[in-house]
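See below for the structure under consideration.
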Amino acid sequence: MKPLTVLLTGCGAPGTSGTIMALRQNPDNRPVRIIGVDVNPETPGQQLVDEFAHVLPPENIDYRSRLLDVCQRNDVDLVIPQTTREVG
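If you count the sequence shown from 1, position 39 lands on 38 in numbering that gives the first Met the number 0, and the numbers rise without skipping.
Shown next as structure tokens:
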């Protein structure tokens with residue numbers, strides 16, 4: 000089965016470790032590759048994901064294009080926003 004590639008935004012946010020654990024322990028036992036992004040280039044959350052990319056704050060005009068670039072380069076199947084700033 001092809002691994003599911005998930006982009007997890009705000010990977011330094013509270014609760015991220017629980018989200019990552021739930022993805023990895025999914026009931027289908029499907030392999031999951033997690034790409035984490037965060038505005039903090041030194042977030043501790045980057046240690047929990049398979050790959051990490053620094054992104055600009057969601058309010059920045061280039062945020063969406065940077066996120067899209069990360070998605071395209073990593074063949075992302077699913078995006079999970081972790082912070083309310085990203086869904087407004």
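For every residue, glycine included, the Cβ atom is placed at its ideal position computed from N, Cα and C.
Name, in chain order, the residues that DSSP records as bridge partners for residue i.
i     : result
Asp37 : His53
Val5  : Ile33 and Leu77
Cutting at 7 angstroms between CB atoms, please list the residues of its own chain near residue i, excluding the five before and the five after it.
i     : result
Ala92 : With the chain covering 0 to 87 only, the question about residue 92 has no answer from this structure.
Using CA coordinates, which residue listed in the options is at the minimum distance from residue i?
i     : options                       : result
Arg84 : Cys70, Asn73, Arg63 and Glu50 : Arg63
Cys70 : Lys1, Gln24, Asn28 and Val54  : Val54
Met20 : Leu47, Pro57, Val86 and Thr4  : Leu47
Thr14 : Pro40, Gly44 and Asn25        : Note that residue 14 corresponds to Gly in the displayed sequence, not to Thr. Comparing Cα positions, the closest option is Gly44.
Pro57 : Asp49, Val38 and Phe51        : Val38
Met0  : Asn73, Asp27 and Ser16        : Asp27
Residue i by DSSP, collapsed to three states: which one?
i     : result
Thr18 : helix
Val69 : helix
Arg63 : helix
Thr82 : coil
Report all residues from its chain with a CB closer than 6 angstroms to the CB of residue i; omit the five preceding and five following residues, and keep chain order.
i     : result
Thr8  : Val36, Pro80, Gln81 and Glu85
Asp49 : Arg32 and Ile33
Asp76 : Leu3 and Thr4
Val78 : Leu6
So, for residue i: in the same chain, excluding its five sequence neighbours on each side, which residues have a beta-carbon less than 8 angstroms away from its beta-carbon?
i    : result
Pro2 : Arg29, Pro30, Val31 and Arg32
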